[in-house]
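Reviewing the structure listed below.
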Amino acid sequence: MSEQRAPRGRTSGQFGESVEGEVSMASESIHPASAPSRRVVVAAVGAAGLALTLNACGSEDDSSSSSDAAPAGSVLAKTSDIPEGGGKIFKDSGVVVTQPTAGQFKAFSSKCTHQGCAVTGITNGVITCPCHKSEFSVTDGSVKKGPATQPLPEEKITVSGDSISLA
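Sequential numbering from 290 applies to the sequence shown in my numbering.
Structure below.
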């Protein structure tokens, strides 16, 4: 039996059609793209680190501005909304209302004195800031754990019947 061979550089494809160039393409060497220089990599890593640092240290935009704050005299909550030994954060008004003991209500700024982040939690008599983990007392706003060194400023409220309002 006689075997037919395709001429060099030509191969026979499926169903007899000829396929040109496949052999020559396979024999070409593949050159990887040039890698970035060490200087470029170091600069990129430095820029990314700087961006992360600035983002972590910057104040959190909690969309609370003086135009969003409830006006003096407006009702924030009912006394039954504030748990004894805890409190509630009113983001739009920029205040935290606490009830350290039954029937005693206090209010503090919800802006951490360390770097101005909005506090986000109240657990076990402690108001917490998420940015650097400062903790403040629900009783008087004093610092229980730093890095904050100043207490939360007290805000004036009035309690009338079962309503708590900004003074």
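Ideal placement from N, C-alpha and C gives every residue a C-beta, glycine not left out.
Is the CB-CB distance between VAL386 and GLY376 below 8 Å?
Position 97 of the sequence shown, counted from the start, is the residue given in the question as residue 386. Position 87 of the sequence shown, counted from the start, is the residue given in the question as residue 376. In this structure, VAL386 places its C-beta atom within 8 Å of the C-beta atom of GLY376.
Extent of the continuous beta strand (DSSP E) to which GLU424 belongs
Reading the sequence shown from its first residue, position 135 is the one you call residue 424. From DSSP, the beta strand (DSSP E) with GLU424 extends over 424-426.
Need the endpoints of the beta strand (DSSP E) that ILE453 sits in, please.
As a working note, residue 453 is residue 164 in the sequence shown. Run containing ILE453: 452-455, per the beta strand (DSSP E) assignment.
Secondary structure of ALA337, DSSP reduced to three states
To locate residue 337, count along the sequence shown from 1; it is residue 48. It is helical.
Taking C-alpha atoms, which residue in LEU441, ILE371, HIS403 lies nearest to ALA391?
What you label residue 391 is simply residue 102 of the sequence shown in a count that begins at 1. Looking at the Cα atoms, ILE371 is the closest of the given residues.
Does DSSP put VAL364 in a helix, a strand or coil?
Walking along the sequence shown from the start, residue 364 turns up at place 75. Three-state result, VAL364: strand.
From the DSSP output, which residues share a beta bridge with LYS400?
Translated into the one-based positions of the sequence shown, residue 400 becomes position 111. The partner list for LYS400 (beta bridge, DSSP) reads ALA407.
Could you check what DSSP says for SER382 in three-state terms: helix, strand or coil?
By 1-based counting over the sequence shown, the position of residue 382 is 93. In this structure, SER382 counts as coil in the three-state DSSP scheme.
Inter-residue Cα distance where the pair is LYS434 and CYS420
Start at 1 with the first residue of the sequence shown, and residue 434 comes out as number 145. Start at 1 with the first residue of the sequence shown, and residue 420 comes out as number 131. One Cα belongs to LYS434, the other to CYS420, and the distance between them is close to 13 Å.
Top-ranked residue by Cα proximity to LYS395, from ALA324, PRO440, ILE446, VAL334
Mapped onto the sequence shown, residue 395 falls at position 106. Taking only the C-alpha atoms, the option nearest LYS395 is ILE446.
Ordered along the chain, which non-local residues of its own chain (more than five positions away) have a Cβ less than 7 Å from that of SER398?
Start at 1 with the first residue of the sequence shown, and residue 398 comes out as number 109. Spatial neighbours of SER398 in its own chain (CB-CB distance under 7 Å, excluding positions within 5 residues in sequence) are listed in chain order as GLY383, VAL384, LEU441, PRO442, GLU444.
Rounded straight-line distance, which links the Cα of LYS380 to that of GLN439
Along the sequence shown, one-based indexing puts residue 439 at 150. Along the sequence shown, one-based indexing puts residue 380 at 91. GLN439 and LYS380: Cα-Cα distance of roughly 20 Å.
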